[in-house]
Structures are given as structure tokens and as C-alpha cells.
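Visitor: So that we are looking at the same thing, I have put the structure below in C-alpha cells.
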Amino acid sequence: MRYPPYRVITEGFIRQATAAGAEIHLVDGSAGLVDRVTSLLGDAGAGSASNEFAVCAAASVEGIGPLAGLLAAVPGVRFDVTRETASHAAVGITSADWGVAQTGTLVCDSTAATQRLASTLPLIHIALLPSGRIVPDMAAALSHLDPQKARFIAAITGPSRTADIERVLTIGVHGPKRLVILIVQDGNAGDPRP
Amino acid sequence: MSDFVKSIDRALADPVLSSSLTRFSEAYRTGRARAFEGIDFEAVRTQIAERKSHAARNLDVLAERFTQQAQAAGAKVTRVSTPVDACQYVLAVANQSGARSIVKSKSMASEEIHLNATLEKAGIEVAETDLGEWIIQLAHERPSHMVLPAIHKTRGQVASLFSRQTNEELTDDIPGLVAVARRELRSRFLSADIGITGANIAVAETGSIVLLTNEGNARLVTTLPRTHIAIVGLEKLVERFDDIQPILTALPRSATGQLITSYVSIITGAAENTDGTPKDLHIVLLDNRRTEMAADPVFSEALQCIRCGSCLNVCPIFRLVGGHVFGKVYTGGIGAILTAWFDALEESRDIQSLCVQCGTCKDFCPANIDIPALIREVRDRVTHRDGLPFLQRAAYAVVNNRRLFHAALRAASIAQKPVAGGGFIRHLPFALTSMTEGRSLPAIASRPFRDDFPEIPQPECTETAIFYAGCLIDFVYPETGASVVKVLNHAGVRVVFPMEQTCCGAPARYGGSPEAAADAAKANIDALSAQSADYVVSACPTCTAALKIDFPELMDKFGTPDQQQSARIIAEKTRDFSSLVQQLASQGRLKFKQDSPGAGVTAYHDSCHLKRTLGVVNQPRELLSAAGYEISEMAESDTCCGMGGAYSIKMPAVARAVLDRKLTNIKATGAPELSTDCPGCVLQIRGGCDAAGIDVGVRHTADRIADRIAD
Ligand code: SF4
């Protein structure tokens, strides 16, 4: 199969994810990532008091490297993701493995329970998507994952929603009210390719 | 009055239910169409049908493979044959682990086996966590819709349910109510011992189950408790991991008009628990007669269903009565079929009769299931088992004796009042009594068309058409028969009218008696085969469909090889009036009056059988336009008018409500006239306009065209 140019795919992803209610930011390199996470957490009140914090289930990001050292400086970030911390956290940070342009979907290998805790319990979910990992459709994303190894594949499109009362669309039922996707460019600029 | 009829009357009188369902059905169509933009729906549904029917043919092999693969990945898989077995298994798992509390995400299969009742009786707390399901649980009700369980509840009703539950004074602010559900259920999620889900798809190749949700509850249900039990109907199996794709494309688009649900979870075996242990995952493969269904030559098709709810959303009856009248877990078109199997055939007797056979659902079904045909099959088997009610049987016997039938109609036309009121004639195949309120009924014509025809001199032409009138045109609207002949003659087609032709058998066919329908077909095949002709023309779409589709099918089942052969020849020559005449007109064989300003404005109503059974949509419109009419398109022009043959007699209140809606749409066009290609629709709509004092002229397309023929 021949895919359209990468830039077109990325634009498609941004358009569809936005239409599904996600917030998208392009961040440049580790400095850009730290800046953006700091401001998002600041707005969410994380770090302002001892009981306001973010849990981070992402160990590293492709093209950037390990996050522990990077985010240690950001007030309120914790890396111990448990039922207790995740259910009290204002924000959960996870990695995302693939972005699907057709529907604006994130596809994540969530075999590790920490990935699921951080993306289901807090009201805000921040997902870190390497810029080279956007594919045209779901079939392409799933072809990169082996269900025998990825025991829990999670496809996430926009925030949690319901229309069960009088069909009025309401955001944030059991899962996050906000889904923030940071498309992380590795800092070497240019047109990224997978 | 039976409980069933009472529940229908209650539903029809419930303003919340019908207005929210109707608003939903309108918004649904737009949203769905938008979601499918750029997608080849026919290709996707062909793929789904192909893969799911392949799975249905190989259920045992797939179940075996699924079991191996899921077990290799750390799941425990068990296959159970009855709902009781399924409940016992779940109960045993709960007891072994000493579970006290369970959280569930939406699962039709668990509703099917009435799992909650079993668990609660054992003293285990169960919380439904899908918002709609939780509302229903608090109200102690049954879901009224497959996808939107609480669509019949208002925000006010939800507020009082939640207030009672939380001991708080809650307002009817919807985001506020949703926040309450989040807060209340969050602690349940965190403390539950077991999570129970269904599955939308089960993949044999990998042992994976796939769950689609919007709220995110299934993610919590499968993540937080240490034990996860998935109840999976065997029909959820597909062979390959790739088979997920077409279902993932069609299911959210068909269900809610979304490109994809917020969450899709693909779980393969035991993933990690939050304490690092592997999940205690149990998958219960539920049979409950699914293997038996798979072996049934007709009903195996129903196993293709992906439970999207489209057939409920587009049904003109469902949006008026809602799901509760079904009194069962599975509702709507597919519900009438599944209930006959998962519960029992007799449980479906009443609900299958709600189907007006308009065929709309079939156009929308993403699994390409011929839902109306399967409902007809349920109907046939119900009557086969129970026998027909006496009056219905007597009526078919009369109809199938042409002389007696026609004599009765003639007698009725002379002594209209006493006979019509005497309780007999109303069991004849069309509604000729005033029993349906809200609709005036026509008198039987004083002279049937068959008596008029010999007096219409026939020109010598190179082409000949047999005119098959059908009961309504013959005995109620003979003037339409005259119009048909006039137009055909004008186009250079000689018309013959075999006097032995009789009722097409549709009432018996739709009434659950294929044998009686076959007898009618044989009489007509004899009558029509006696003449040679280029065309067989009918101006009744139900008759046309009978000649074109039903006769060959019925003869394959009940006829001799000769009859099969004749039925096929007739079917090939059969044309509906508008398509044939439109074709002749496009060849320049008709001359229309050239006056200005033309023939005026008319709305157009698509008859169910013309549009959906015969696939004729544009021809009547083009023909009317060519004849000088301006068409004012009407909202829901192809939604059933409620006639449905004998339906308006059996389900008068429902038919009336369907008709009311049609009348509203007609009025909204502002057109002074309405045209349609079906004499049954003329009867229903003209009668409705008359009774409601709506000043719109309702006429058959053939009459409109005959008016415009240049002298
Ligand atoms: S029968 Fe078809 S339309 Fe109805 S729920 Fe099943 S898949 Fe959907």
C-alpha cells in the first residue's frame, strides 16, 4: 500500500483527533516537552499542593529518551503509579504507540497496568505520541502490534463520553474529561518519517 | 384486551417515549449518513456478512481454536449450553474467590441469561456501570434499546432516581447528573472483586476479545478488579484478527454515527493486574441454541448480527412503541428473531406481528441480514405450529376460491353496510371496513374493473401486455385500471386481461401461510400463462413483487417443475407500471399535453414494496416530471404509511400512529397533491387525509399520467 505524504497524514490525525474532542500540541524536543507538560500541569493545579499531582506511566519517548530525569524538575510529577496514586491524581501521563489519522485515534500497548491506571482514573490524560508514529488507518496501527504480546491493546479517541441521558452529549463519565495529545518531534526538525 | 395490546396502547400514549425516539430516529439518519461518507457501505457489509457467515458455518472449529489460543495466553475458557449453566459458572467463580461485589459493563449476553438476578439472589452486590444501564438498574426496569438502554427516561426522572440513591436533592442538570454517576460508581470500581463484561468480537486466531465503549467503564471493569469474567455469545466469534476491521468500521458508524467509539479494548489472555499479578480471566462462551441456529438453513443468517441497533433506529414502528412492548431483552426487528430462539418460538408470536414488512431495516443492516424475511419465517413457523386462527384460515380459503371470493366482493359492493359491519369482510385481505379509526375507507366499486375491461376496444399493436390488476385496483379503484390501459394503449401496447387472475396471495404470504400463498400463485400462473405477451404489467407494487419474486420462490418449494418454469417466465416479463411507462416515454412513445403552466405540484410517496423490494425510486419521479408535474420532495418520503396489507387491521393503533406521521410530512410539503404508485398507499393516505380534513388530492401515478396524455 502507498500512503499519502507524511505531512498530510499528520494533518489528518490532528484534524480528526480535534474533531473527536482531543487537544493537540506539537512539541519540539525535550525542552519543548518539559515546557508544555509544566504549563499543562500548572493549569491543572498539579504541584500547587501536596495532594495535587500527576502520575506518569511513560518511561521514555522515542527520539527523546528516558523521562524520569527530564520530568523530575516539573513540580507535582510522580512516577509511582498505583491504584491509590492514580485515583487521587489530577493528571495521568502515558505514552502512545500509534496515532491513526483516519479517526484521530491513539493506539497503545497497555499491557502494563500502570498505563491503564494513568489513562483511566485521572480527569486529565496526557498522551505522548512520537511524531513519526502516525499511520493512515487502524489496520496499519494494529499490524504493528502482536496481540500475543500486547495483552491489552487500547484504542483511545477523544475523552470519555456519554449520551445516555436524553441523548445529550456529556464529556467525562468514567474516564478522562480531557485528552491532551502531545505530538513529540525529536528536535531535529524536518519532515519526520516512521 | 391482551397484555401485549395494552402495552402497545400505553407506549403509544407515552409522549416522552415517542417524541424522544422520533427525534433520535431523525438525528440518527443524518449522523449515520455523515459517518459513512467516503466509505463503501455495500462493500463493508458484504465483507462482514461473508466473514460472519463463515464463522457461523464453523462455530465449533472456531470455538475450539479460540479456547486453545485464549488458554495459551492465560485465560480460562468454558463453553456452556444453557443460560442456567452460564449463571452457575459465574456464581461458582464468585463463590470460590469469596467475592462480595461485582461491577459490570454493558453486556446483552448477561441480560440474556438474567445474570444479575442470580447474583443478587446469592447476596452479591452487582453494579451496572454503563450510565444508561445504571439508570435502568436503579429504576428496576429492562433496557428499552440495545444501544441506548435508557432512552425512554427524561432528565427529571433520572434526577429523582439519583436523588433517591444518594439521599441528595439533585437538579435535572445533565452534566451534574453524569458527575454524580462518576462519583458514585468510582468507589464501586475500586472496591469490586470481579468485573463482568460482554464482548463485541471474539477472535479465534488469537484468542482475543474486543470491547467497544464510549464511557470508559469497560476499561475500569477489566482493569481494577482482580477477576474478569467475559460472557460471550458464540456468534461473536470471527476467524482472523483482520476480521475485526470491517466490524470496527461499521459498528460505531451504524450504532451512533461515530467514526469510532471513544475506546476500543483488545484483550488477549491475562494482562497484568494493578498489583502485578496476572488477571484471573474467565471467558464464558454462551451457546443458548446458537449452534442449533447455525444449523438452520434460514436462521443461521441471524448469527451475522453485530448488535448495532440500526434495525431499531430506522424502524417506523419501533420509534412509536419503543422497546418495552417487546417484553424481552432483544428488541426491534432482530429482537423478534432472536427471541424466537433464545427464549422460545411462542415468545415471539406477538412481537413478530409488530413488523409491517416495510423492508427499511434491511437497507441499513451492516451485517446484510434480510431481517424482514427472517421475521416472515418466524411468522410462518408460528402459524405452522399453532395453526392459523379460524377466521384467517376461512378468509384464505375464500380468497383462494376465485369465484367465491369475487362473488363475495360483488355482494359486498351491493350490500356494503351490512356485510362490512357484519364482521366477515374485515378478514378479507384488505381493510374494507371502518374499523381503523382515523381513516375513511373507500366503498367497493359498484362495477369491478374486470367488467369494464371488455368494453375498452383494444388497438392492434406490435407489443402486448398482460394487465395484472390485483384486488384493490380490480374491485376498489377500477378507474386506475382504466388509466393503466389508456396509457399503455397510447404508447402502442395492446392490453389483455385474463379473467381467471385472482388475489396474488400476498396477504397469506405476509400472514404466515406460505401454503395458501402458493395456491394463489398457482391459480395466477395458470391464468397468466394462457396468454402470450411481451410484458406482464401491474400497478400494485405488492402484486408486482409477488409475481416477480414470490411466485418463483413459492413454486421452488411447493410447485411442479412446469409451474416453476412458468413462474420464472412470468417473473421475467413482469414490470411495474411506472418503470415500464417511463421507459416507453423515454423512447418517445408517449405524447403529453404541452400546456403551461403544466400539471401543477405534487408530493410523492415511495411505497415500501416499490422502493425496497423492487428497487424502483427514480422512474415514477421522472415519469411524472416528463408528464408536466413538478415534484415537491417530502421528508421521509420512503417511510411506510402504515397500510402494510392486513397490518392496519391487526395493529390498528400502531398503523394509525404511523399514518399520522405520514400526514404531518405531507402537510409540511404544502403541495396540493400527492402521488404514489401503490393502490394500498392510496387507500391508506387518502382515507387519512379525508378523516383529518386535509385538503390534498391523493392519486395513483397511473391516473396522473393518464390525465396528461395528449388527445
Ligand atoms: S440485525 Fe443488522 S441492523 Fe439489526 S442490530 Fe443486527 S447488525 Fe444491526
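In the order they appear, the protein sequences are chains A and B.
Taken in order, the first sequence gives residues 647 to 840; the numbers are from the numbering used here.
Taken in order, the second sequence gives residues 62 to 772; the numbers are from the numbering used here.
Idealized CB from N, CA, C, for every residue including glycine.
Keep in mind that this is a model prediction, so the values were computed, not measured.
Does any residue of chain A bring its CB to less than 7 Å from the CB of residue 287 of chain B?
Guide: Your numbering for residue 287 of chain B matches position 226 in the second sequence. Look at residue 287 of chain B: its C-beta is not under 7 Å from any C-beta on chain A.
Visitor: Pair every Cβ in the segment 574 to 582 of chain B with every Cβ in the segment 533 to 547 of chain B, then say whether three or more of these pairs are closer than 8 Å.
Guide: no
Visitor: Say yes only if the C-beta of residue 395 of chain B is nearer than 6 Å to one or more non-hydrogen atoms of ligand 1, and no if none qualify.
Guide: By one-based count along the second sequence, residue 395 of chain B stands at place 334. Answer for residue 395 of chain B: yes, Cβ within range of ligand 1.
Visitor: In chain order, what residues of the same chain lie with their CB nearer than 7 Å to the CB of residue 69 of chain B, ignoring the 5 residues before and after it?
Guide: Position 8 of the second sequence, counted from the start, is the residue given in the question as residue 69 of chain B. The residues are 382, 386, 714 and 715.
Visitor: Secondary structure at residue 117 of chain B, three-state DSSP: helix, strand or coil?
Guide: Numbered from its first residue, the second sequence carries residue 117 of chain B at position 56. Residue 117 of chain B falls in the helix class under three-state DSSP.
Visitor: Is the CB-CB distance between residue 368 of chain B and residue 207 of chain B below 7 Å?
Guide: Along the second sequence, one-based indexing puts residue 368 of chain B at 307. Along the second sequence, one-based indexing puts residue 207 of chain B at 146. Yes.
Visitor: If we call anything under 7 Å between Cβ atoms a contact, is residue 704 of chain A one with residue 774 of chain A?
Guide: Within the first sequence, numbered from 1, the residue matching residue 704 of chain A stands at position 58. Within the first sequence, numbered from 1, the residue matching residue 774 of chain A stands at position 128. Result yes, Cβ atoms of residue 704 of chain A and residue 774 of chain A sit closer than 7 Å.
Visitor: Quick check: is any heavy atom of ligand 1 less than 6 Å from the C-beta of residue 785 of chain B?
Guide: Any question about residue 785 of chain B goes unanswered here, given that chain B covers just 62 to 772.
Visitor: Does any C-beta atom of chain A lie closer than 7 Å to the C-beta of residue 261 of chain B?
Guide: Locating residue 261 of chain B in the second sequence gives position 200, where the first residue counts as 1. No, its Cβ sits nowhere closer than 7 Å to a Cβ of chain A.
Visitor: In this structure, does DSSP put residue 651 of chain B in helix, strand or coil?
Guide: As a working mapping, residue 651 of chain B is identified with position 590 in the second sequence. It is coil, neither helix nor strand.
Visitor: Do we get a CB-CB distance below 7 Å when we pair residue 205 of chain B with the residues of chain A?
Guide: Numbered from its first residue, the second sequence carries residue 205 of chain B at position 144. Residue 205 of chain B does not count as touching chain A.
Visitor: Look at the Cβ atom of residue 842 of chain A, then the Cβ atom of residue 321 of chain B, and state whether they are nearer than 7 Å.
Guide: One cannot answer for residue 842 of chain A here, as it falls past the ends of chain A, which runs 647 to 840.
Visitor: For the segment 805 to 818 of chain A, list every residue whose C-beta sits within 9 Å of some C-beta in chain B, in sequence order.
Guide: Those would be 805, 806, 807, 808, 809, 810, 811, 812, 813, 814, 816, 817 and 818, in chain order.
Visitor: What is the DSSP secondary structure of residue 664 of chain B, counted as helix, strand or coil?
Guide: For the purposes of this step, residue 664 of chain B is taken as residue 603 along the second sequence, with counting starting at 1. Strand.
Visitor: Determine whether the Cβ of residue 659 of chain A lies closer than 7 Å to any Cβ atom of chain B.
Guide: To locate residue 659 of chain A, count along the first sequence from 1; it is residue 13. So, not an interface residue.
Visitor: Using a Cβ cut-off of 9 Å, which residues of the segment 167 to 196 of chain B contact any Cβ in chain A, in chain order?
Guide: 190, 191, 192, 193, 194, 195 and 196
Visitor: Which residue from B:560, B:591, B:418 and B:130 puts its Cα closest to that of residue 464 of chain B?
Guide: Sequence index remark: in the second sequence, residue 464 of chain B carries index 403 (1-based). Of the candidates B:560, B:591, B:418 and B:130, the one whose C-alpha sits nearest the C-alpha of residue 464 of chain B is B:560.
Visitor: Mind checking residue 252 of chain B: buried by the 16 CB within 10 Å criterion, or exposed?
Guide: On the second sequence, position 191 is the one that residue 252 of chain B refers to. It is exposed - the Cβ of residue 252 of chain B has fewer than 16 other Cβ atoms within 10 Å.
Visitor: Verify whether the separation of the beta carbon atoms of residue 692 of chain A and residue 722 of chain A is less than 7 Å.
Guide: Taking the first sequence and counting its residues from 1, the one referred to as residue 692 of chain A is at position 46. Taking the first sequence and counting its residues from 1, the one referred to as residue 722 of chain A is at position 76. Contact flag set, yes.
Visitor: Is it buried or exposed, residue 103 of chain B, if we count other Cβ atoms within 10 angstroms and call 16 or more buried?
Guide: Position 42 of the second sequence holds residue 103 of chain B. With fewer than 16 Cβ atoms within 10 Å of its Cβ, residue 103 of chain B is classed as exposed.
Visitor: Give the single residue among B:81, B:568 and B:625 whose Cα lies nearest to the Cα of residue 437 of chain B.
Guide: Locating residue 437 of chain B in the second sequence gives position 376, counting from the first residue. The candidate whose alpha carbon is nearest that of residue 437 of chain B is B:568.
Visitor: Here's a check: name, in chain order, each residue in its chain whose Cβ is nearer than 7 Å to the Cβ of residue 776 of chain A, leaving out the five neighbours to either side.
Guide: The residue you call residue 776 of chain A lines up with position 130 of the first sequence. Excluding sequence positions up to five before and after residue 776 of chain A, its CB lies within less than 7 Å of the CB of 707, 708, 709 and 830, all in the same chain and listed in chain order.
Visitor: Can the beta-carbon of residue 346 of chain B be found less than 7 Å from the beta-carbon of residue 629 of chain B?
Guide: The residue you call residue 346 of chain B lines up with position 285 of the second sequence. The residue you call residue 629 of chain B lines up with position 568 of the second sequence. No, the Cβ-Cβ distance between residue 346 of chain B and residue 629 of chain B is not below 7 Å.
Visitor: For residue 266 of chain B, I'd like the list of residues in its chain whose CB is within less than 8 Å of its CB, leaving aside the five on either flank, ordered along the chain.
Guide: Counted from its first residue, the second sequence places residue 266 of chain B at position 205. Once the five neighbours on either side are set aside, the close Cβ partners of residue 266 of chain B are 126, 130, 300, 301 and 302.
Visitor: Using only the alpha-carbon positions, how far apart do residue 64 of chain B and residue 587 of chain B sit?
Guide: Here residue 64 of chain B corresponds to residue number 3 of the second sequence, with the count starting at 1. Here residue 587 of chain B corresponds to residue number 526 of the second sequence, with the count starting at 1. Using only the alpha carbons, I get a separation of about 45 Å.
Visitor: Are the CB atoms of residue 543 of chain B and residue 638 of chain B within a distance shorter than 7 Å?
Guide: Along the second sequence, read from residue 1 onward, the residue named residue 638 of chain B stands at position 577. Along the second sequence, read from residue 1 onward, the residue named residue 543 of chain B stands at position 482. 7 Å or more divides the Cβ of residue 638 of chain B from the Cβ of residue 543 of chain B.
Visitor: Taking the alpha helix (DSSP H) that residue 407 of chain B falls in, what are its first and last residues?
Guide: As a working mapping, residue 407 of chain B is identified with position 346 in the second sequence. Premise fails: residue 407 of chain B is in no alpha helix (DSSP H) and is neither H nor E.
Visitor: Residue 325 of chain B versus chain A: which residues are under 7 Å apart at the beta carbon?
Guide: As a position in the second sequence, residue 325 of chain B is number 264, starting the count at 1. In chain order: 801.
Visitor: Is there at least one Cβ from chain B nearer than 7 Å to residue 735 of chain A's Cβ?
Guide: Walking along the first sequence from the start, residue 735 of chain A turns up at place 89. Not an interface residue.
Visitor: For the segment 777 to 803 of chain A, list every residue whose C-beta sits within 8 Å of some C-beta in chain B, in sequence order.
Guide: 784, 785, 788, 793, 794, 796, 797, 798, 799, 800, 801, 802 and 803
Visitor: Please compile the residues from chain B whose C-beta is within a distance smaller than 8 Å of the C-beta of residue 709 of chain A.
Guide: Working through the first sequence from its first residue, we reach residue 709 of chain A at position 63. In chain order: nothing, as chain B lies at least about 26 Å away.
Visitor: Just how far apart, CA to CA, sit residue 214 of chain B and residue 169 of chain B?
Guide: Translated into positions along the second sequence, residue 214 of chain B becomes position 153. Translated into positions along the second sequence, residue 169 of chain B becomes position 108. Going by the C-alpha atoms only, they are around 20 Å apart.
Visitor: Between which two residues does the alpha helix (DSSP H) holding residue 831 of chain A run?
Guide: Your numbering for residue 831 of chain A matches position 185 in the first sequence. Premise fails: residue 831 of chain A lies in the beta strand (DSSP E), 824 to 831, not in any alpha helix (DSSP H).
Visitor: DSSP on residue 555 of chain B, reduced to helix/strand/coil?
Guide: Here residue 555 of chain B corresponds to residue number 494 of the second sequence, with the count starting at 1. Here residue 555 of chain B sits in strand by DSSP.
Visitor: Quick check on DSSP: helix, strand or coil for residue 467 of chain B?
Guide: Translated into the one-based positions of the second sequence, residue 467 of chain B becomes position 406. Residue 467 of chain B: helix per DSSP, three-state reduction.
Visitor: Tell me where the beta strand (DSSP E) around residue 97 of chain B begins and ends.
Guide: Position 36 of the second sequence holds residue 97 of chain B. Per DSSP, residue 97 of chain B belongs to no beta strand (DSSP E) and is neither H nor E.
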